[in-house]
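Residue numbers (my numbering): 2 to 75.
All C-beta atoms in this analysis are idealised placements derived from N, C-alpha and C, irrespective of residue type, glycine included.
Structure representation (structure tokens):
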């Protein structure tokens, strides 16, 4: 059984950050389009993770959109 190495985990996190930043760069968020944004992002993330792993895993992606107005999230 192959263990999940911390270095591999960090590489996956960095590639996901880059993928999301490139996809959202220059986007303007409107309340009307939040469904499309979350669907597109979740499919993009899911496809990227499937390409990095084998197909024997079920991948679930949860998207949380929030507005940052100097608020703390607990």
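Between the segment 16-30 and the segment 38-53 there are three or more inter-stretch CB-CB distances shorter than 8 Å, so the stretches are counted as touching. In the three-state DSSP reduction, residue 60 falls in the coil class, being neither helix nor strand. Assigned with DSSP and collapsed to three states, residue 68 falls in coil, not helix or strand.
The alpha-carbon separation between residue 8 and residue 64 amounts to approximately 24 Å. Taken through DSSP and simplified to helix, strand or coil, residue 39 comes out as helix. Nearest to residue 50 by C-alpha distance, out of 41, 40, 61, is 61.
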